[in-house]
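Structure first, then comments.
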Ligand code: AMP
Ligand code: GLY
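Numbering (my numbering), first residue to last: 27 to 450.
As structure tokens, this is what we get:
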């Protein structure tokens, strides 16, 4: 089978590494991919939003199965394009990817189907939003409706901050059209957990839990980023939490999408807050998390292609999803200055230290080959250094040791990924 993976970050590297293990697969293409992905797949210089080119490439090269890693093409309808061309594809159609593409849609869905989430109001008129905020309790959360690279969420401690937020999102349009509407949401306190799942339109199978670290600096300080590191499983995701979420969140979400005539096929990522009053949905994503995939997929025992085909064929109920009884930690090596401004094109040394090791992975997020064929930095998040271990403490120790194996001149990382493990 020939497989095309669409995307070019650490998540897609982790997906390609899992696909590589499948006995069913003879060839992997990745568009556009990156320097690290080129070790496991043939990278094709087509952007993830160039749907027609991706479809033509797939037809010309006999691609049997496409896997869409990224949110933008999913929300833009790439799956519909592949289906129209008769190519099997893993991911939600446009009418289901809206679960991630519009926060107003997902909040209304949760309200309609009684899925536990923070109280909220939606606004498309900035003056109405301001009038509401003048009577609100703080802190409060403002969310641009559409996709905003994980940055369209503002936590406002005062009316002044909220007024500035309305201006940024709705008037200055800092996140573009994503700010045409805005959700204003109750601030929730608790621990965050990321739960990824496979869905076939009616059946949902949950993967092992994970926790991300979204802020740029130690102690959860600094700006929100795409994610600075992860661990899996989360010790806070207890049996009780799991039972609650299965009953009130996971299956109800899948059933709600089906009832709305938007059957969801692909990965649903549940961003949960474990509050004193029980788990609440903070957000849905329509794809694997990044860097959650880097700690969850290396622990999965199943052949990923078999699971994805079961989703596409609507027979996921026959699949028994299994995870190793171990743990994984991923520490992101970023470019100093991320997520604001940073240098690129800097040589990376020491990558060969990961070769031939089963329990260490160096997933490339932002790398490329320079004109001399050397691997250089090419983004804010550069590498996801990941290790597995018998437990979280061991995996964390190994991952941090491995961060010393690689160097580039503006290397930056958080030193407290997985600190919460000690509180468990
Ligand atoms: P989101 O993109 O919706 O996951 O939001 C990004 C981050 O903002 C989350 O990971 C949380 O840390 C925080 N956040 C979002 N919604 C809330 C909320 N209602 N209460 C507290 N924090 C939130
Ligand atoms: N790590 C969070 C996300 O992928 O959205």
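C-beta atoms are modelled at their ideal positions from N, C-alpha and C, and glycine is treated no differently. The structure presented is a predicted model; accordingly, all values stated were derived computationally and were not measured.
| query | result |
| --- | --- |
| Between the CA atoms of residue 438 and residue 429 - distance to the nearest angstrom | 10 angstroms |
| Closer than 7 angstroms to chain C by CB, residue 81 | Looking at the structure shown, chain C is missing, and only one protein chain is on hand. |
| Closer than 6 angstroms: residue 144 CB and nearest the ligand AMP heavy atom | yes |
| Strand pairing of residue 69, partner residues [DSSP] | 56 |
| Proximity below 7 angstroms, CB of residue 30 to CB of residue 92 | yes |
| Three CB pairs or more closer than 8 angstroms across the stretch 396 to 412 and the stretch 206 to 221 | no |
| Residue 341 - DSSP class collapsed to helix/strand/coil | coil |
| First through last residue of the alpha helix (DSSP H) which encompasses residue 154 | 152 to 159 |
| Residue 214 Cβ short of 6 angstroms to the ligand AMP heavy atom set | yes |
| Test item: CB-CB of residue 333 and residue 224 under 7 angstroms | yes |
| heavy atom of the ligand GLY below 6 angstroms from residue 238 C-beta | yes |
| Residue burial classification, residue 118 (beta-carbon count within 10 angstroms, cutoff 16) | buried |
| The ligand AMP heavy atom lying under 6 angstroms from the CB of residue 175 | no |
| Buried or exposed (CB count within 10 angstroms, at least 16 for buried), residue 226 | buried |
| heavy atom of the ligand GLY below 6 angstroms from residue 253 C-beta | yes |
| Alpha carbon of residue 346 to alpha carbon of residue 229, nearest angstrom | 12 angstroms |
| Cβ-heavy atom distance, residue 406 to the ligand GLY, below 6 angstroms | no |
| Cβ pair residue 404, residue 414 closer than 7 angstroms | no |
| Contact set for residue 129: own chain, Cβ-Cβ below 6 angstroms, skip 5 residues either direction | 169, 171, 209 |
| Residue 315 Cβ short of 6 angstroms to the ligand GLY heavy atom set | yes |
| Buried or exposed (CB count within 10 angstroms, at least 16 for buried), residue 327 | exposed |
| Exposure of residue 40, with buried meaning 16 or more beta-carbon neighbours within 10 Å | buried |
| Backbone CA spacing between residue 359 and residue 442 [nearest angstrom] | 13 angstroms |
| N-terminal and C-terminal residue of the beta strand (DSSP E) that residue 226 is part of | 217 to 226 |
| Cα-Cα separation between residue 106 and residue 266, rounded to whole angstroms | 38 angstroms |
| Best match in 99, 90, 125, 78 for proximity to residue 284 [C-alpha to C-alpha] | 125 |
| Helix, strand or coil at residue 313 according to DSSP, with G and I counted as helix | coil |
| Opening and closing residue of the beta strand (DSSP E) in which residue 414 lies | 407 to 415 |
| Short Cβ contact (7 angstroms threshold) for residue 84 with residue 104 | no |
| Segment limits, alpha helix (DSSP H) that includes residue 105 | 104 to 110 |
| Residue 311 CB to nearest heavy atom of the ligand GLY below 6 angstroms | yes |
| Beta-carbon gap between residue 68 and residue 55 smaller than 7 angstroms | yes |
| Given residue 308 as reference, the closest of 179, 59, 78, 149 once Cα atoms are compared | 179 |
| Nonlocal neighbours in the same chain, by C-beta distance under 7 angstroms from residue 232, ignoring five residues either side | 221, 223, 276 |
| C-alpha distance - residue 306 paired with residue 131, whole-angstrom precision | 17 angstroms |
| From 286, 331, 254, 279, residue whose alpha carbon lies closest to that of residue 312 | 279 |
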